[in-house]
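Protein chains: 2
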Amino acid sequence: MAETANFDLAATGEPDGATLHRLGEEECLRLIAPGGVGRVAFGGADGPVILPVNYRVVDGAIVFRTRAGGVMDRDLRTGVRNVDIKIAFEVDEIDPVREEGWSVLVQGPFHQVTADEVRWTADVPVRPWAGGDRDLYVRVTPTRVTGRRVGPA
Amino acid sequence: MAETANFDLAATGEPDGATLHRLGEEECLRLIAPGGVGRVAFGGADGPVILPVNYRVVDGAIVFRTRAGGVMDRDLRTGVRNVDIKIAFEVDEIDPVREEGWSVLVQGPFHQVTADEVRWTADVPVRPWAGGDRDLYVRVTPTRVTGRRVGPA
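One line per chain: the protein sequences are A and B, in this order. Counted the way my numbering counts, the first sequence spans residues 1 to 153. Counted the way my numbering counts, the second sequence spans residues 154 to 306.
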């Protein structure tokens, strides 16, 4: 059986090594600033869920869209009632050939963008590839931003 | 402000549309079978965590490695005590230029591979890119496999 490289960035608690580097918050924010595709994790009826979403960074917050009534909406409504619920948002860039890459993890509370924030969201046009009505804007306010890079020292 | 496409696959509860397609379990398993880089989500001290890991599929289970004593280890030990704790494991392939791609979500309980399973893990060599001791094998037993694809009908 051929050996497979393991992009194991899980051990955030370990010190920097020859190939695993912790990223500072400033560099993390720089890496995710351009927006693009990230992955959001939240609690669901069948356990945790990870889903890719296109995101943008607006005023330091992660913004993405989803569909009202969808699986995330239900969870978001719970989040509205309980502001302590946090989600994870992750962006990475991985080069399997060179066996290097980076991963940034944003943690923080999330909530629907409310009616009085519509003007704010109007500056964040998003065109869902998946089509359909995805008129629910979600904002994640980062309370913790961490990152790690794997590659040459 | 330039418009950004939104790879919004979040609405798993909606019916198939012109561009959003649900994938059957068989196709999901076929897509993730080759192994590679996936992302695991689990509960952490500071809220949910998403981290990329390299994985393999062995006997229908997701297998990856992490470091004993790392952030995931702590959570895994909790999982060992409480077998009901589930995690999410996601694999995707996204083409931002063509605005299409797929995402497979595996949900299920996870646990450390124990001593009596060492022989089993010996068939799953993994070489961590990040280096260091990552002698903790983790297995996720899928109880729910779902997938979605965005692209032309």
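Ideal Cβ placement from N, Cα and C applies to all residues, glycine included. Model, not experiment: these values are computed from the prediction.
Among the options, which residue has its Cα nearest to the Cα of residue i?
{"i": "Val259(B)", "options": "Asp199(B), Tyr208(B), Ala198(B)", "result": "Tyr208(B)"}
{"i": "Val250(B)", "options": "Thr299(B), Gly213(B), Asp212(B), Val303(B)", "result": "Val303(B)"}
{"i": "Leu182(B)", "options": "Asp212(B), Ile247(B), Arg292(B)", "result": "Asp212(B)"}
{"i": "Asp40(A)", "options": "Arg297(B), Trp255(B), Glu243(B), Val266(B)", "result": "It should be pointed out that residue 40(A) corresponds to Val in this sequence rather than to Asp. Closest option to Val40(A), Cα to Cα, is Glu243(B)."}
{"i": "Glu100(A)", "options": "Pro205(B), Leu176(B), Gly196(B), Arg175(B)", "result": "Pro205(B)"}
{"i": "Val210(B)", "options": "Gly196(B), Ala198(B), Val190(B), Gly197(B)", "result": "Val190(B)"}
{"i": "Asp92(A)", "options": "Arg148(A), Ala45(A), Asp46(A), Thr141(A)", "result": "Arg148(A)"}
{"i": "Gly197(B)", "options": "Glu27(A), Lys86(A), Leu20(A)", "result": "Lys86(A)"}
{"i": "Glu180(B)", "options": "His264(B), Trp255(B), Arg292(B), Thr296(B)", "result": "Trp255(B)"}
{"i": "Phe263(B)", "options": "Phe42(A), Pro48(A), Phe110(A), Val63(A)", "result": "Pro48(A)"}
Taking DSSP as the reference, what is the three-state secondary structure of residue i?
{"i": "Glu179(B)", "result": "helix"}
{"i": "Ile87(A)", "result": "strand"}
Could you tell me which chain B residues have their CB closer than 9 angstroms to the CB of residue i, listed as they occur along the chain?
{"i": "Val47(A)", "result": "Residue identity differs from the one stated: residue 47(A) is Gly in this sequence, not Val. Near Gly47(A) (Cβ distances below 9 angstroms), the residues of chain B are Ile238, Lys239, Ile240, Ala241, Gln260, Gly261, Pro262, Thr296, Arg297."}
Is it true that the CB of residue j sits closer than 7 angstroms to the CB of residue i?
{"i": "Ala241(B)", "j": "Ile50(A)", "result": "yes"}
{"i": "Arg175(B)", "j": "Tyr290(B)", "result": "no"}
{"i": "Val104(A)", "j": "Leu31(A)", "result": "yes"}
{"i": "Thr141(A)", "j": "Gly108(A)", "result": "yes"}
{"i": "Arg144(A)", "j": "Asp199(B)", "result": "yes"}
Counting only Cβ pairs nearer than 7 angstroms, list the residues of chain B close to residue i.
{"i": "Arg22(A)", "result": "Here the premise fails: no neighbours, minimum Cβ distance about 12 angstroms."}
{"i": "Ala41(A)", "result": "Ala194, Pro201, Ile203, Ala241"}
{"i": "Asp92(A)", "result": "Pro205"}
In chain A, which residues lie with their C-beta within 7 angstroms of the C-beta of residue i?
{"i": "Gly189(B)", "result": "Pro96"}
Count the other CB atoms within 10 Å of the CB of residue i; is the residue buried (16 or more) or exposed (fewer)?
{"i": "Gly177(B)", "result": "exposed"}
{"i": "Pro34(A)", "result": "exposed"}
{"i": "Asp95(A)", "result": "exposed"}
{"i": "Ala10(A)", "result": "Caution is warranted here: a pLDDT of 42 is assigned to Ala10(A), below 50, making its placement in the model unreliable, and the coordinate value is therefore given only provisionally. Buried, by the Cβ-count rule."}
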